[in-house]
Each structure stands twice: as C-alpha cells, then as structure tokens.
Amino acid sequence: MPQVTLSVNGATHTVEVEGRTLLVELLREKLRLTGTHVGCDTSQCGACVVHMDGESVKACTVLAVASQGANITTIEGLAAADGTLHPMQEAFREYHALQCGFCTPGMVMSAVDLVQKNPQGLSEPEIREGLEGNLCRCTGYHNIVKAIAAAQDVMHGRRETLATAAE
Amino acid sequence: MNVMAPFEGIGASVKRKEDLRFLSGRGQYTDDINRPGQLHAYILRSPHAHARITALDVAAAKAMPGVRAVYTSADMAAVGGIPCGWQIHNKDGTPMAEPKHPVLAEGKVRHVGDPVAVVVADTRPQARDAAEAIAVEYDVLPSATTMAHAQAPGAPAVHDDVPSNLCYDWHIGEKGAVDAAFAQATHRVVFETTNNRLVPNAMEPRAAIGDYDTTSGEHTLYTTSQNPHVIRLLMGAFVLNIPESRLRVVAPDVGGGFGSKIYHYAEEAIVTWAAHKLGRPVKWTADRTESFMSDAHGRDHVTRAELALDAEGTFLALRVHTQANMGAYLSTFAPCVPTYLYATLLAGVYKTPAIYAEVKAVFTNTVPVDAYRGAGRPEATYLLERLVDVAARQCGFDKLELRRRNFIATDAFPYQTPVALEYDSGDYFSTLSQALETADWHGFEARRAEAKARGRLRGIGISTYLEACGIAPSAVVGSLGARAGLYEVGTIRVHPTGSVTVLTGAHSHGQGHETTFAQLVSDKLGVPVNMVDIVHGDTAKVPFGMGTYGSRSLAVGGSAMDKAMDKIIAKGRRIAAHLMEASVEDIEFDRGTFRVAGTDKTKALAEISLAAYVPHNYPHDELEPGLEETAFYDPKNFTYPGGCHIAEVEIEPETGKVHMVNFTAVDDVGRVINPMIVEGQVQGGVAQGIGQALLEACVYDEGGQLLSASMMDYTMPRADDLAPVSVATHVTLCTHNPLGVKGCGEVGAIGSPPAVMNAVVDALRDFGVNHVEMPATPPKIWSIIHGKNGA
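Keeping their order, the protein sequence lines are chains Y and W.
Be aware that the first sequence starts at 454, since it is given in our numbering, and climbs by one per residue.
Be aware that the second sequence starts at 4, since it is given in our numbering, and climbs by one per residue.
(1) In chain order, what residues of the same chain have a beta carbon less than 6 Å from the beta carbon of Lys660 (chain W), not counting five sequence neighbours either side?
(2) Any idea what DSSP makes of Arg322 (chain W), helix, strand or coil?
(3) Can you list, in chain order, the residues of the region 556-576 of chain Y whose Cβ is nearer than 9 Å to any Cβ on chain W?
(4) Decide if Ala619 (chain Y) is buried, meaning its Cβ has at least 16 other Cβ atoms within 10 Å, or exposed.
(5) Closer than 8 Å, CB to CB, is Cys501 (chain Y) near chain W or not?
(6) What does a CB cutoff of less than 7 Å around Met4 (chain W) pick up in its chain, not counting 5 residues either side in sequence?
(7) Quick check on DSSP: helix, strand or coil for Lys660 (chain W)?
(8) Name the DSSP beta bridge partners of Asn524 (chain Y), please?
(9) Indicate the three-state DSSP secondary structure (helix, strand or coil) for Met4 (chain W) in the structure shown.
(10) For Ala205 (chain W), return the contacting residues in chain Y, with the cut-off set at a CB-CB distance below 7 Å.
(11) Classify Phe10 (chain W): buried if its beta carbon has 16 or more other beta carbons within 10 angstroms, exposed otherwise.
(12) May I ask you to verify whether the region 293-305 of chain W touches the region 364-371 of chain W, counting CB pairs closer than 8 Å and requiring at least 3?
(13) Any idea if Asn620 (chain W) is buried or exposed, counting beta-carbon neighbours within 10 angstroms, 16 or more meaning buried?
(14) With 8 Å set as the bound, which would you pick, yes or no: does the beta-carbon of Gln522 (chain W) sit closer than that to a beta-carbon of chain Y?
(15) Among W:Phe447, W:Ala133, W:Val305, whose alpha-carbon lies nearest the alpha-carbon of Lys65 (chain W)?
(16) Counting only runs of 4+ residues fully inside the region 224-270 of chain W, write out the alpha helix (DSSP H) ranges in chain order.
(17) Can you name the residues of chain W whose CB is closer than 8 Å to the CB of Asp494 (chain Y)?
(18) To the nearest angstrom, report how far apart Pro255 (chain W) and Val538 (chain W) are at their CA atoms.
(19) Determine the chain Y residues that contact Leu250 (chain W) at a beta-carbon separation under 9 Å, and present them in chain order.
(20) Ala188 (chain W) and Ser263 (chain W) - do their beta-carbons sit closer together than 8 Å?
(21) What is the DSSP secondary structure of Asp214 (chain W), reduced to helix, strand or coil?
(22) Would you mind working out which of W:Ser436, W:Ser433, W:Phe416, W:Pro421 sits nearest Asp427 (chain W), comparing C-alpha positions?
(23) Output, in chain order, the set of chain W residues within a Cβ distance shorter than 7 Å of Pro461 (chain Y).
(24) Please report whether the beta-carbon of Met679 (chain W) lies at a distance below 8 Å from any beta-carbon of chain Y.
(25) Please report the Cβ distance between Asp704 (chain W) and Leu698 (chain W), rounded to the nearest whole angstrom; I am assuming they are in contact, meaning their Cβ atoms lie under 8 Å.
(26) Who pairs with His739 (chain W) in a beta bridge, going by DSSP?
(27) Along the alpha helix (DSSP H) that carries His789 (chain W), what are the first and last residues, could you check?
(28) For a minimum of 3 consecutive residues, which ranges assigned as the beta strand (DSSP E) are wholly contained in the region 272-331 of chain W?
(29) Check Pro678 (chain W) in the structure and name its three-state DSSP category.
(30) Suppose you measure from the CA of Leu281 (chain W) to the CA of Ala151 (chain W); what does that come to, to the nearest Å?
(31) Which of the three DSSP states is assigned to Ala378 (chain W) in this structure?
(32) Tell me the rounded alpha-carbon separation between Arg283 (chain W) and Pro118 (chain W).
(33) By the criterion of Cβ-Cβ separation under 7 Å, what are the contact partners of Thr487 (chain Y) in chain W?
(34) On the three-state DSSP scale, how would you describe Cys128 (chain W)?
(35) DSSP has His595 (chain Y) in a bridge; who is on the other side?
(36) For Ile784 (chain W), which residues of its own chain have a beta-carbon under 8 Å away from its beta-carbon, when the five flanking residues on both sides are left out?
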C-alpha cells in the first residue's frame with residue numbers, strides 16, 4: 454500500500470493508505486482527527502474543509518496520496534497552542550453562528566480562507582457569495598455572515614477585539 | 004466594591020456552553036466514536052421501486068477480503084418488524100392498514116433504497132466492495148410513485164395485503180354543519196394545491212454503532228437519535244426482544260434532526276443484532292445518497308379546500324380533502340402527521356365556526372414520509388394562508404382586513420376550535436400590527452415602483468399563523484391513537500458543594516439545551532450557569548424521557564425541571580428550618596438563599612446541600628439525606644405559538660429567478676429564556692421554509708427512481724439564496740405550564756412558506772396568476788411571465 458508523509462497541525466505523520474483513500478478518511482480514521490466531517494460525498498456541503506498549504510480544500514475531494522508533503526491544518530489546529538480561539542472561532546460563538554455544530558468546522562475553515570484572501574474586506578453579499586461551497590441546515594446563515602463580517606475586522610487588524618453582538 | 008455578576012437567568016442572551024467543543028472540533032458525533040475491535044456494515048439497497056426478489060446469492064460476497072458476515076432477511080427470521088407508534092382509525096371505526104415493515108426485505112422491495120442485505124467487514128471499503136458481489140435477481144413490478152397513480156384502478160399494490168394502497172380514510176369535524184353553512188354562503192372559494200415533498204437533510208448523515216458485552220450480556224447502541232429512550236423502547240420491545248435493563252441507547256452529539264432522527268430505523272436494529280451475532284462492535288454510517296433513500300421524507304400532500312364566506316367576508320365554513328403520501332411503509336409517527344398534527348390546525352388564527360376535513364393516507368413505492376420540522380402544521384398553515392389570499396382576491400376583500408375580520412379576539416381565550424383544540428392564549432392583532440410596521444407594509448407600493456424602474460417584479464406576502472406544539476398531553480394523544488406517553492422527565496442533582504447536574508429526557512441536536520436549561524436553573528436556584536451541567540442522550544444516565552421534537556423540550560422538559568426544582572426548594576426549606584431553628588413556614592427562598600422571614604438569618608443553597616450530604620446536624624427523623632429530585636411533567640394542553648411573517652421578493656423577468664429581499668417574523672413563542680437562541684431558531688426555521696417555497700423538491704420519475712438523490716440534485720438553501728431575516732417576539736404567556744413558554748423550534752418553518760408564496764403571486768399580479776405551486780423555481784416563473792404554461 455502507498456505511504457503518505459504529511460504534516461497535520463504541525464505534527465508529521467507517515468501513514469499507509471489505499472490508492473482510493475480520501476484525505477478526509479486519512480484524517481478521521483487514521484489520525485482520529487474527527488473534527489473534520491463528511492456531510493455529502495459530492496463536494497457540495499463543505500463540512501470537510503481543511504487548509505492544505507494555506508488554502509481551503511474539500512478533504513472529501515482530495516486523494517490522500519495527493520497530500521504527500523503537504524501542510525494540513527484542521528479545525529483542531531486552528532486555535533493557538535494555549536487554547537486561545539482564532540478570531541473566527543470567537544466570532545462564531547459571539548454571534549451564535551452555530552447550532553448543531555456539524556457544518557461548523559468546515560464553515561469556520563472556509564471562512565478563515567475567504568477572509569485571508571480578501572484583505573480589502575468583504576461586504577455582506579460578498580460573504581454570502583463566498584459561502585457558496587458550504588451548507589448549513591440549522592442557522593439560515595444570517596449569524597454566520599455576521600460573524601465573518603466581525604471576524605474580518607480583527608483578522609485584518611482593523612480592530613483589536615471582536616465587535617460584540619450587542620454593539 | 005461589589006462587581007455585579009452578569010445576569011444569566013430567564014431573558015438573558017447567554018453565549019452557548021456547547022459552542023467551545025463544536026468550534027474546536029471536539030464534538031462527539033456518532034461516526035466520531037470508534038469502539039475497540041469495531042467492524043463496519045454496508046447495506047445493499049434496492050435499485051428498484053417495486054420488485055420481487057427471485058434469487059439472492061451471497062456466497063461470493065462472503066468470500067471477499069475482510070468480510071465477516073453477510074446477512075439477509077433469512078438470517079433475521081427471529082427479528083420483528085419495525086413498529087409504528089400511532090394508530091389512526093378510519094371513518095367507519097376500523098383501524099388503519101398496518102402492513103409489516105421488515106428490517107431487511109422479505110421477498111419483495113417496495114422503494115428505491117429498501118434494505119436487501121448487509122455486509123459486515125473489517126473496513127467500510129471492504130464491506131462496500133463485497134456488497135457489489137451479492138447476486139440479486141429482481142422480477143421488476145409496475146410501481147406507483149404518486150398518490151394519484153396508487154389510487155387509480157388496477158394500480159400495483161405496494162403491499163399484497165393492502166390491495167387498495169389505502170392506509171386510512173379519516174375525518175374530523177361536523178360535515179353537516181359545514182354543508183349547511185356552504186348552502187348559506189355568499190362566496191365560495193375553491194383552492195387546490197400540492198405541498199411539495201421534502202428531504203430533511205440534517206447535515207450529519209445518520210449513523211449507528213452496535214456493541215455487545217459478551218460478559219454482561221448488555222447491548223449498547225450509539226445512534227443519531229433525537230430520542231434515545233423511544234428507540235430503546237421500540238427496538239428492544241418490538242424488534243429485537245431485549246429487555247430495557249440490557250439495552251443502553253446513547254445519542255451523543257447529533258448534527259441536526261428536524262424530525263428525521265425521531266424514528267426507529269432498520270439500521271439501528273441491524274447493527275445491534277449483528278454486534279450480538281459477531282461479538283464485535285459494528286458501525287454503519289450513511290453516505291448522503293443513502294440518507295436521501297432512507298431518511299423519512301416530509302410533507303407530500305395533495306389537497307382541495309373550499310372556504311365559505313358571507314357578504315362581509317366572515318368565514319362561515321371550511322371543507323378540506325387531503326391525500327397524504329405515507330411512502331412504502333409506516334414510519335414511527337407517520338399516521339398522526341396528516342391527521343392530528345394537520346387537520347386539527349385548520350382553524351388557524353380564525354374563528355371559522357364549522358370545519359370538516361377528510362384525509363386519505365396512501366401507500367406508494369417511495370421512501371416513507373414522516374414528521375419534518377413543523378409536521379402537519381406547515382401543510383395546514385400553507386393551505387389556510389394561501390386560501391385566505393386567494394379568497395381576498397377572488398371576492399375583492401383587502402387581505403389584511405379579511406384576516407383581521409376573522410381573527411380570534413384577544414379576549415376570547417381559552418378558545419375552543421371546531422377541530423378539537425383549545426387555544427390557551429394569543430394576540431394575533433398585535434403580532435400582525437408589529438410585523439406590518441417592521442416590514443413597512445404600507446410603503447411597499449413605492450418599493451414596487453422603484454423595482455419596476457429597475458426591471459424587477461416586486462411582491463409582498465403575509466402569513467398570520469398559529470401552531471400547536473409542546474407535545475403532548477399523554478391522555479389526550481393516547482385517546483387519539485398514540486402508542487406512547489408524551490410527558491418529560493427532569494432530575495435536579497444538587498452536589499454537596501452547590502454545583503448542579505440536570506438530567507433531562509429532552510435531547511439537544513442544535514437547540515442549545517445545555518445553555519437554556521442551565522439558565523432555568525440559574526434563574527430559580529441562583530447557581531451560576533457555568534456551575535450547571537446538563538446531561539442528556541443516554542438511557543443509562545437519565546430517567547425514561549421522550550426526547551426532542553414538536554418544540555417540546557422547554558415547554559415539557561423545562562417544566563419537568565421546574566417541578567423538580569420546586570421539590571429541591573421544598574426540601575431545602577425544611578433543612579434550612581432545622582439548621583436555623585425556625586419553622587418551615589418562616590423560611591423564604593430566593594435565587595440561592597434561604598432566609599428566616601423578617602430576619603437577617605440566611606443559609607446559602609451550598610450550605611444546605613452540604614448539610615444534606617454530610618448530615619451530622621440534620622432532621623433525620625423527617626428527611627432523607629441528599630439533595631436530588633426528579634419530576635415527571637405531563638402537559639395539560641398543547642402550546643400555541645403564533646405570529647405574523649411578511650416576505651418581500653423580487654423576480655428577474657429574464658430568468659424567472661425569485662430573490663428574497665426582506666423577511667420579517669414577529670412570533671409569540673411565550674416567555675423567552677434566551678433571546679439569542681430563540682432568534683437563531685426562528686432564523687433557521689425560516690430558512691427551511693424559504694427552501695420549501697423556492698428551492699426544494701424531492702422528485703421521483705414515473706418508474707419510481709429518486710432523481711433528487713444527492714445535494715447536487717436537491718437544492719438546499721445556500722447563504723446567497725437567503726436575505727437577512729428580521730426577528731422579533733411579542734409575548735403572551737402560555738397559561739398552563741409553569742414557565743409560560745410555548746416553543747420556538749418550528750415556527751419559522753411553519754409561518755414562512757405561505758408568506759413567501761403570497762409574495763411570489765403578488766409579484767406576478769400583472770400576469771393573471773392566481774396560484775404558483777412550490778417550489779417557485781425559475782423555469783416555473785419564467786413560463787408564467789413569458790406566457791407559456793401559465794397557471
């Protein structure tokens with residue numbers, strides 16, 4: 454069986470996989486990083502989004518062998534080592550942008566990439582369009598959009614702390 | 004200096020306790036759980052809508068790498084059928100047809116996705132590969148996918164023992180009174196509509212792990228369930244014959260349900276049974292297409308309604324004929340959805356004096372249909388609120404005035420409807436006027452003109468709705484055919500140093516119970532929210548409770564907790580009286596402090612609990628040690644949330660696409676515990692309602708193939724399909740539960756579809772359109788605008 458060596462959340466792993474094994478299966482089943490979820494199998498829902506070499510990818514659409522040498526960040530690796538939440542995670546909590554939590558890891562990873570790629574800042578319609586690849590059945594997206602709008606100000610240094618929902 | 008602790012009780016938007024684990028990837032959903040030695044099951048499903056199995060050969064599959072077993076119905080002969088939890092009676096008093104629902108197909112398959120065989124292997128890919136080596140020969144039979152087809156002469160029988168395909172023919176109301184009223188009416192309005200079939204699509208696919216302890220003989224099932232005790236009861240007693248004491252059901256973090264995870268499914272029985280057979284844990288996880296083919300679907304009604312009005316527009320009578328699709332088998336609560344959760348709601352917010360409804364439930368070669376967010380109430384609300392708009396237009400009444408004229412007066416409660424329900428409270432005039440103001444209803448024509456100048460067709464639509472939830476009074480539902488009680492249980496465990504653990508039979512799968520329930524305790528017992536932990540979802544940990552559906556968790560489960568807290572306070576007062584050498588009658592309690600009335604002598608709850616667990620100085624002759632109380636609460640009535648939803652849409656004439664531009668919801672959900680969570684529930688419900696109105700449709704072809712079997716084919720609402728939703732509440736208290744709460748989980752999905760469709764029809768008012776069926780997809784709208792196939 455082929456071997457893949459990759460870095461996940463800063464730790465290097467060498468794993469035996471089948472040719473057909475998907476990156477999301479490697480993460481969930483071989484490394485037991487179960488924060489990354491599988492919701493649709495057809496690249497529609499985005500519950501499986503992780504960062505691969507700094508860019509968001511749907512881990513159900515990447516063969517594990519294609520991640521040879523890659524640097525992967527999953528939801529488990531997004532917070533700081535001391536447990537301090539990433540501003541996006543903080544914003545999701547502040548704005549009640551999650552309910553059942555199943556789409557949340559992929560949604561947060563997508564949102565981080567979306568904001569990082571748009572340092573000029575995103576309008577509400579642009580955030581909605583940017584979330585095209587992620588499905589949420591619980592929230593109606595409204596609070597997710599608000600959370601991303603608030604998080605981008607902190608991520609781009611326009612505010613030191615998150616605007617609270619009450620502001 | 005005193006720093007005030009932030010208020011965390013009833014009415015505070017406390018941030019959710021559960022969020023940290025979900026945001027950091029530490030949720031524990033069923034598929035995240037792996038048991039030592041675990042095997043994997045894959046289920047071979049029928050590719051045909053209707054066929055006899057003439058040969059089934061599993062020998063080659065058994066020889067495939069990693070395969071531990073392959074099972075068919077022949078191996079499971081001792082296993083019972085999947086039971087139905089509600090029995091409806093026909094007009095003539097006979098019980099509904101209730102054909103067997105086998106766990107694995109017994110000689111015949113009845114819908115695409117019907118389970119045929121199970122492969123258990125070391126890995127999931129091995130099990131899937133081996134399933135392809137199972138040789139099944141089918142004699143394909145003609146199938147009936149639509150209700151019209153299933154009821155046509157000579158239609159194929161889904162079940163050989165139900166040749167008519169009729170599950171039941173039921174009715175409610177006074178037919179004679181309705182006929183008499185119609186004879187007197189000035190106006191008679193006829194409205195025919197289909198309520199589109201939906202696929203719930205919780206983001207977490209269903210999963211189940213069976214585990215069997217060969218030394219103790221205890222079975223454990225981990226499953227994606229909204230109600231683990233219900234699963235234990237149904238599967239243990241009816242399917243696998245396992246006593247409750249030997250069967251533990253765990254529903255850990257569950258990624259959304261919306262009804263689809265209420266029911267007992269075949270896969271739960273399969274993994275539990277196989278784990279026992281093999282002495283190893285067995286896991287099954289659905290892929291999304293399996294979810295489409297095996298999760299219970301929702302809605303799917305075809306209805307003809309007639310409304311009688313007098314010259315002034317007063318509703319005189321309503322007559323409704325509905326056909327409801329049951330699918331191929333009766334899912335757990337399917338029979339009650341189009342009857343007691345639908346026809347009983349046909350009064351809505353109106354004082355219509357006479358109502359008669361007939362409902363025929365029909366078997367077809369499709370996936371079973373059961374309760375989906377709102378369950379019957381969205382179908383009733385859609386029918387009524389479209390009908391009122393159609394009547395206003397046909398008879399020349401203003402649609403707001405017609406509603407107001409027929410509203411139940413605010414001082415008329417309790418109000419007995421002609422279809423069994425007694426509403427306890429509501430104020431439909433206020434929710435309407437508040438919504439009209441928020442949505443700037445009267446400024447709409449200017450916005451329509453402005454849109455027209457941009458080449459867009461703008462429309463506004465309203466829905467004034469009511470629903471019945473907080474289910475349910477056990478004696479009432481028992482008399483109506485329920486085979487279960489619908490109380491709830493709560494245990495309050497005050498620990499020696501004053502922190503609290505709450506055990507509840509309700510189950511949180513997105514609702515935020517860990518926060519809302521902790522707020523109830525904080526408000527009443529004065530314990531900080533972060534010192535209150537909520538335990539749910541495990542039959543080995545919590546007393547027998549009924550779970551979460553029908554917006555019942557707070558109204559029924561919260562009321563049980565409230566009763567248990569009353570018992571805690573009552574016992575605490577007696578302990579306090581002993582410690583402070585006062586009479587019990589003189590002990591007051593307020594948010595964590597026991598006080599001798601009129602004095603400064605006090606004891607904190609933590610002092611009382613410590614005394615209860617270290618009972619050195621304790622009234623042993625009258626009290627037991629410890630401070631833990633359990634209460635079961637059986638509601639006296641349903642609760643009746645209601646309100647007003649207003650939708651505003653714009654249509655692109657070039658493409659027929661409907662854009663949501665504004666949505667206003669003003670809901671009366673009774674007392675609000677956590678406004679942030681209530682707003683989130685309404686937002687999410689409205690999104691599902693907009694999905695039904697504009698995007699979602701489950702489509703079968705004539706041969707019974709499910710064409711919308713993936714998220715590439717079934718249109719789920721995405722962020723850019725929706726507009727911001729303005730959510731507000733207008734509170735009237737529920738009069739019969741101790742918290743005054745009504746429930747908020749389903750109102751969004753119930754009130755919104757007719758508001759959206761009334762807006763769509765309004766936008767098309769220049770095209771002579773009286774009605775548009777859901778979903779209002781671009782081709783449908785384009786055809787109307789461009790004069791082709793206009794309805």
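Note that CB positions come from ideal geometry on N, CA and C, so glycine has one too.
Predicted model only: the values in this text are computed from it and were never measured.
Short version:
(1) Cβ neighbours of Lys660 (chain W) beyond the five flanking positions: Pro781.
(2) In the structure shown, Arg322 (chain W) falls within a strand segment according to DSSP collapsed to helix, strand and coil.
(3) Against chain W - using a Cβ distance shorter than 9 Å - the residues of the region 556-576 of chain Y are Cys556, Thr557, Pro558, Val561.
(4) Around the Cβ of Ala619 (chain Y), a 10 Å sphere holds fewer than 16 other Cβ atoms; the residue is exposed.
(5) Among the residues facing chain W, Cys501 (chain Y) is not included, as its CB has no counterpart in that chain under 8 Å away.
(6) The pLDDT assigned to Met4 (chain W) is 39, lower than 50, so where the model puts this residue is not dependable; a value taken from the coordinates is nonetheless given after this. Cβ neighbours of Met4 (chain W) beyond the five flanking positions: none.
(7) Lys660 (chain W): coil per DSSP, three-state reduction.
(8) Beta-bridge partners of Asn524 (chain Y) (DSSP): Y:Ser460.
(9) Note on Met4 (chain W): pLDDT 39, under 50, position unreliable in the model; no value is reported.
(10) Residues of chain Y with a Cβ closer than 7 Å to the Cβ of Ala205 (chain W) are, in chain order, Arg590.
(11) By the 10 Å Cβ count, Phe10 (chain W) comes out exposed.
(12) Two segments are said to touch when three or more pairs of C-beta atoms, one from each, lie closer than 8 Å; by this definition the region 293-305 of chain W touches the region 364-371 of chain W.
(13) So Asn620 (chain W) counts as exposed.
(14) At a cut-off of 8 Å between C-beta atoms, Gln522 (chain W) does not count as an interface residue with respect to chain Y.
(15) Its Cα nearest to that of Lys65 (chain W), the residue W:Ala133 stands out among W:Phe447, W:Ala133, W:Val305.
(16) Qualifying alpha helix (DSSP H) stretches, in chain order: 231-237.
(17) Those within 8 Å of Asp494 (chain Y) in chain W are Asp290, Arg291, Thr292, Ser713.
(18) A straight line joining the alpha-carbon of Pro255 (chain W) with that of Val538 (chain W) spans about 10 Å.
(19) Neighbours of Leu250 (chain W) in chain Y, taken as residues at a C-beta separation under 9 Å, are lacking, since the least C-beta distance is about 26 Å.
(20) No, these two residues do not count as a Cβ contact at 8 Å.
(21) Here Asp214 (chain W) sits in strand by DSSP.
(22) For the residues W:Ser436, W:Ser433, W:Phe416, W:Pro421, the minimum Cα distance to Asp427 (chain W) belongs to W:Phe416.
(23) In the sequence under discussion, the amino acid at residue 461 (chain Y) is Val, which differs from the Pro named in the question. The premise fails here: Val461 (chain Y) is roughly 12 Å from chain W at the closest Cβ pair, so nothing lies under 7 Å.
(24) Look at Met679 (chain W): its C-beta is under 8 Å from a C-beta on chain Y.
(25) Actually they do not touch by this definition, with Cβ atoms about 20 Å apart.
(26) In the DSSP output, where bridge partners are listed per residue, His739 (chain W) has none listed.
(27) Where His789 (chain W) is concerned, there is no enclosing alpha helix (DSSP H), given that its DSSP letter is neither H nor E.
(28) Counting only runs of 3 or more, we get 285-288, 304-312, 318-330.
(29) Looking at Pro678 (chain W) - three-state DSSP - the assignment turns out to be helix.
(30) If I take the Cα positions, the gap works out to 45 Å.
(31) Ala378 (chain W) falls in the coil class under three-state DSSP.
(32) So the two alpha carbons sit approximately 22 Å from each other.
(33) What Thr487 (chain Y) touches in chain W: Asp35.
(34) Inspection of the sequence shows that residue 128 (chain W) is occupied by Pro rather than by Cys. The three-state reading of DSSP puts Pro128 (chain W) in helix, counting H, G and I together.
(35) Bridge partners of His595 (chain Y): none, in fact.
(36) Correct list, in chain order: Ile654, Gly659, Lys660, Val661, Val763, Leu767, Val775.
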